[in-house]
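First comes the structure, then the notes that go with it.
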Amino acid sequence: MADLRPLMKPKIVKKRTKKFIWHQSDRCVKIKCNWWKPSSIGNRVWRTFKGQILMPNTGYGNKKTKHMPPSGFWKFLVHNVKELEVPLTCSKSPCAEIAHSVSSKNHKAIWKGQPSCPQSHQPQCQAAQQRK
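Okay, so the sequence shown: first residue is 175 according to the numbering used here, each after it adds one.
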(Lines of atoms letter the chains of each structure in order from A and count residues from 1; the text may use other names and numbers.)
(Lines give C-alpha, C1' and ligand atoms only; values in the text may rest on other atoms or scores of the structure.)
Protein backbone atom coordinates (compact mmCIF):
# COMPACT_ATOMS: atom_id res chain seq x y z
CA MET A 1 0.00 0.00 0.00
CA ALA A 2 1.35 3.41 -0.96
CA ASP A 3 2.00 6.03 1.69
CA LEU A 4 -0.28 9.06 1.78
CA ARG A 5 1.41 12.34 1.04
CA PRO A 6 0.05 15.89 1.31
CA LEU A 7 -0.74 17.86 -1.84
CA MET A 8 1.91 20.45 -1.10
CA LYS A 9 4.38 20.06 1.75
CA PRO A 10 5.73 23.47 2.84
CA LYS A 11 9.42 23.73 3.62
CA ILE A 12 9.99 23.85 7.37
CA VAL A 13 12.16 26.86 8.18
CA LYS A 14 14.35 26.57 11.26
CA LYS A 15 14.78 29.96 12.97
CA ARG A 16 17.51 28.68 15.28
CA THR A 17 20.37 26.69 13.78
CA LYS A 18 22.47 26.61 16.97
CA LYS A 19 22.02 23.40 18.97
CA PHE A 20 20.42 23.39 22.43
CA ILE A 21 22.88 22.04 25.00
CA TRP A 22 22.45 20.39 28.37
CA HIS A 23 22.74 22.79 31.32
CA GLN A 24 26.37 22.99 32.57
CA SER A 25 27.53 20.29 30.12
CA ASP A 26 30.32 22.64 29.03
CA ARG A 27 31.86 22.48 32.53
CA CYS A 28 32.29 18.70 32.85
CA VAL A 29 33.92 16.46 30.26
CA LYS A 30 31.96 13.36 31.31
CA ILE A 31 28.58 15.07 30.73
CA LYS A 32 27.52 14.92 27.09
CA CYS A 33 26.12 18.08 25.55
CA ASN A 34 22.91 16.44 24.22
CA TRP A 35 19.79 18.29 25.43
CA TRP A 36 18.10 17.14 28.63
CA LYS A 37 15.09 18.99 29.96
CA PRO A 38 15.81 20.29 33.47
CA SER A 39 13.39 18.78 35.99
CA SER A 40 14.28 20.45 39.28
CA ILE A 41 12.61 23.63 40.49
CA GLY A 42 16.00 24.78 41.74
CA ASN A 43 17.40 24.79 38.20
CA ARG A 44 18.10 28.24 36.71
CA VAL A 45 17.26 27.10 33.18
CA TRP A 46 13.95 25.56 34.27
CA ARG A 47 13.03 28.82 36.03
CA THR A 48 14.09 30.76 32.88
CA PHE A 49 16.44 33.21 34.55
CA LYS A 50 18.01 35.90 32.41
CA GLY A 51 21.37 34.99 30.90
CA GLN A 52 20.93 31.21 31.13
CA ILE A 53 20.91 28.74 28.23
CA LEU A 54 17.66 28.59 26.28
CA MET A 55 15.11 25.77 26.33
CA PRO A 56 13.63 24.45 23.08
CA ASN A 57 9.95 25.21 22.42
CA THR A 58 7.57 25.76 19.51
CA GLY A 59 8.32 29.49 19.44
CA TYR A 60 11.47 28.89 17.40
CA GLY A 61 9.51 27.46 14.47
CA ASN A 62 8.14 29.25 11.43
CA LYS A 63 4.61 30.59 12.04
CA LYS A 64 3.23 28.84 8.95
CA THR A 65 4.59 25.43 9.92
CA LYS A 66 4.68 25.78 13.71
CA HIS A 67 2.12 23.11 14.64
CA MET A 68 2.51 20.97 11.52
CA PRO A 69 3.65 17.38 12.15
CA PRO A 70 6.58 16.00 10.13
CA SER A 71 4.19 14.15 7.79
CA GLY A 72 3.14 17.48 6.22
CA PHE A 73 -0.59 17.07 6.91
CA TRP A 74 -2.48 19.62 9.03
CA LYS A 75 -4.00 17.98 12.12
CA PHE A 76 -7.46 18.93 13.34
CA LEU A 77 -9.51 17.48 16.17
CA VAL A 78 -12.72 15.57 15.39
CA HIS A 79 -15.49 14.83 17.88
CA ASN A 80 -18.18 13.56 15.47
CA VAL A 81 -18.77 12.65 11.82
CA LYS A 82 -20.08 16.12 10.88
CA GLU A 83 -16.75 17.70 11.80
CA LEU A 84 -15.03 15.49 9.21
CA GLU A 85 -16.68 17.41 6.35
CA VAL A 86 -15.57 20.92 7.40
CA PRO A 87 -11.78 20.85 6.74
CA LEU A 88 -12.14 19.17 3.35
CA THR A 89 -13.15 22.54 1.90
CA CYS A 90 -9.84 24.23 2.77
CA SER A 91 -6.82 24.13 0.46
CA LYS A 92 -4.43 22.61 3.02
CA SER A 93 -3.96 18.84 3.28
CA PRO A 94 -6.00 17.90 6.37
CA CYS A 95 -5.61 14.85 8.59
CA ALA A 96 -8.16 14.09 11.29
CA GLU A 97 -7.28 13.22 14.86
CA ILE A 98 -10.12 11.65 16.83
CA ALA A 99 -10.63 13.27 20.22
CA HIS A 100 -9.89 11.31 23.38
CA SER A 101 -13.40 11.80 24.80
CA VAL A 102 -15.16 10.10 21.85
CA SER A 103 -16.87 6.79 22.66
CA SER A 104 -15.76 3.56 20.97
CA LYS A 105 -19.04 3.37 19.00
CA ASN A 106 -18.62 6.88 17.61
CA HIS A 107 -14.90 6.23 17.11
CA LYS A 108 -15.74 3.40 14.69
CA ALA A 109 -18.31 5.59 12.90
CA ILE A 110 -15.79 8.41 12.48
CA TRP A 111 -13.19 5.93 11.23
CA LYS A 112 -15.62 4.66 8.59
CA GLY A 113 -16.85 8.20 7.86
CA GLN A 114 -20.51 7.31 8.43
CA PRO A 115 -22.96 8.67 10.98
CA SER A 116 -23.70 6.32 13.86
CA CYS A 117 -27.38 5.55 14.31
CA PRO A 118 -29.32 2.62 15.79
CA GLN A 119 -30.68 -0.17 13.55
CA SER A 120 -34.26 1.11 13.96
CA HIS A 121 -33.32 4.45 12.37
CA GLN A 122 -31.16 2.89 9.63
CA PRO A 123 -33.71 3.27 6.76
CA GLN A 124 -34.37 6.91 7.72
CA CYS A 125 -30.64 7.68 7.76
CA GLN A 126 -30.12 6.05 4.37
CA ALA A 127 -33.03 8.02 2.90
CA ALA A 128 -31.58 11.26 4.31
CA GLN A 129 -28.19 10.49 2.77
CA GLN A 130 -29.76 9.83 -0.64
CA ARG A 131 -31.53 13.23 -0.55
CA LYS A 132 -28.18 14.97 -0.09
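No residue lacks a Cβ here, since even glycine has one placed at the ideal position from N, Cα and C.
For the 7 Å CB-CB criterion, PRO180 and GLY246 form a contact. ALA270 and ARG201 have their C-alpha atoms roughly 46 Å apart. Close CB contacts of CYS207 within its chain, under the 8 Å cut and outside five residues either way in sequence, are with LYS193, ILE195, TRP196, SER199, ASP200 (chain order). For ILE284, the uninterrupted alpha helix (DSSP H) segment begins and ends at 278-286. LEU228 carries a coil assignment under DSSP once its states are collapsed to helix, strand and coil. Taking the Cα positions, ILE215 is about 7 Å away from ARG221. For LEU228, the closest alpha carbon among the candidates TRP210, LYS238, LYS237 is that of TRP210.
Pairing LEU251 with SER278, the inter-Cα distance amounts to about 16 Å. The alpha-carbon of GLN226 is positioned some 10 Å away from that of ASN217.
The alpha-carbon separation between LYS189 and PRO243 amounts to approximately 17 Å.
Here ALA273 is near HIS253, since their CB atoms are less than 7 Å apart. Shown here, LYS249 sits in a strand according to DSSP, grouped into three states. Classified as buried, ILE284 has 16 or more neighbouring CB atoms from the shown chains inside 10 Å of its CB.
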